[in-house]
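Just so we're aligned: 163 in numbering that gives the first Met the number 0 is position 164 of the sequence shown, and the numbers increase by one with no gaps anywhere.
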Amino acid sequence: MNHKKKKQQSTKIEEYSRKELVKLNEDVLCYAKAINGLPADHKDSLQKRGWLLPFLYGYDSLLWKRWDYWFDIVQAGTIECTGPIPQIEWVTSNNKGFETTIKMLQTCLDYHEASMGTFIQWLHWGLALTKTSPKITEKLSEHYYKHFNIFLMQKYPSDYMSIILCEQTGRGYKEGLGYFPTPFQLSIMMTYVVYKDINNPLKREEYKQKTVYDPCVGCGSTFLPASNFSLKGSAQDVSKTALDLLKIQCMLYAPWFAFHPEHIQGFENKDSINSEKQLEFIF
């Protein structure tokens, strides 16, 4: 990744200590070994499946430490005696960081070749959610690579993809027709209504063992806030596009919803809800 890209993704770098930044650099380079180093440019990124993962893991270790927490659980094979879930502080439309992040995503899609479909392909490739390289032109690849800033999305976590999907639908993207997400502020409030007495350590341990079910999940407006309390999720939706966007946001904010090996112990045993006419996103 070039110098300009690094500078862009280091927004408000003065907030962090030298020790934190040194560790961030070491973490990113260490994770990048799995793909034989960071991509040199946008062309190289199309040859390296999962090229965004070193940044995702490194930035998360700096900001929320959720992937660190989840990797420890996966290695241990149990959620017992793993401590409290690292909490994400969600932001909404009254936050300046939120506004900056939305503008960044809008810029990504404000290009004559850009579309919701190709943007999803590009992000899925970068996050190793697909084995198929995105079918896009070199110019579009350069545009996405230049303007997408994963650090902003991680530093200011929110249900961005619901907003972007609604905006693109208003511009003629047919795959989003009929999508009406629950306002994220309301979803956060509803989460606190469902998860009662959260200051009680025993209750928090009890909630960790439970599975979140969302039969009409969309991009994750009500699903994502539950990741502050539960370590297992089961969701489905009629819209494949919404599920594709949900997978991206789970990678960013809720590792245990995005990647959940079956061997992990300590959860309540309940059958997953299923529907023949729904597209599934179940772990």
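We put the CB at the ideal spot given by N, CA and C, even for glycine.
According to DSSP, is Thr99 part of a helix, a strand, or is it coil? Here DSSP, grouped into helix, strand and coil, assigns Thr99 to helix.
Residues of its chain near Glu267, where Cβ-Cβ distance is below 8 angstroms and the 5 sequence neighbours each way are ignored: In the same chain as Glu267, and ignoring 5 residues on each side of it, the C-beta atoms closer than 8 angstroms to its own belong to Gln208, Lys209 and Thr210, in chain order.
Please tell me whether Trp89 and Pro156 are closer than 7 angstroms, where the distance is taken between their beta carbons. The answer is yes: Cβ separation under 7 angstroms.
Is it right to say Val21 is buried, meaning 16 or more other beta carbons lie within 10 angstroms of its own, or is it exposed? By the neighbour-count rule (16 or more Cβ atoms within 10 Å), Val21 is not buried but exposed.
Can you have a look at Glu249 and say buried or exposed, based on whether 16 or more other CB atoms are within 10 angstroms of its CB? The sequence shown places Cys at residue 249, rather than the Glu named in the question. By the 10 Å Cβ count, Cys249 comes out buried.
Rounded straight-line distance, which links the Cα of Glu205 to that of Ser186: Roughly 21 angstroms separates the two Cα atoms.
Taking C-beta to C-beta, are Ser114 and Leu45 nearer than 7 angstroms? No, they are not a contact pair.
One or two residues paired with Asp213 in a DSSP bridge: Partner(s): Ala234.
Only counting the same chain, and skipping five residues up and downstream in sequence, which positions put a Cβ closer than 8 angstroms to that of Glu137? Result list for Glu137: His41 and Lys42, in chain order.
Could you give the C-beta distance for Ala31 and Pro53, rounded to a whole number, given that I count them as a contact under 8 angstroms? Right, their Cβ atoms sit about 4 angstroms apart.
Have a look at Ile148 and Tyr159 and give me their C-alpha separation to the nearest angstrom. Checking the sequence shown, residue 148 turns out to be Asn, not Ile. Cα to Cα, the separation comes out at about 13 angstroms.
Fully enclosed by the segment 111–171, which alpha helix (DSSP H) runs are 4 residues long or longer? Scanning the segment 111–171 for uninterrupted alpha helix (DSSP H) segments of 4 residues or longer gives 115–125, 137–146, 149–154 and 159–169, listed from N- to C-terminal end.
Between Gly217 and Tyr178, how many whole angstroms is the CB-CB distance? I'm expecting something under 8 angstroms. That pair is a contact at about 7 angstroms.
Let me make sure I understand the geometry here. Which of Asn24, Met152 and Ala257 has the alpha-carbon closest to that of Thr99? Residue Met152 is the option with its Cα nearest to Thr99.
So, do the segment 115–128 and the segment 64–81 have three or more beta carbon pairs nearer to each other than 8 angstroms? No contact exists between the segment 115–128 and the segment 64–81.
Rounded distance between the beta-carbons of Tyr172 and Leu139, thought under 8 angstroms: That belief does not hold up - the Cβ atoms of Leu139 and Tyr172 are roughly 16 angstroms apart, past 8 angstroms.
Using the C-alpha atoms, what's the distance from Asn94 back to Cys215? Cα to Cα, Cys215 sits roughly 27 angstroms from Asn94.
In the DSSP output, what is Thr77 paired with across the bridge? In DSSP, Thr77 forms a bridge with Gln264.
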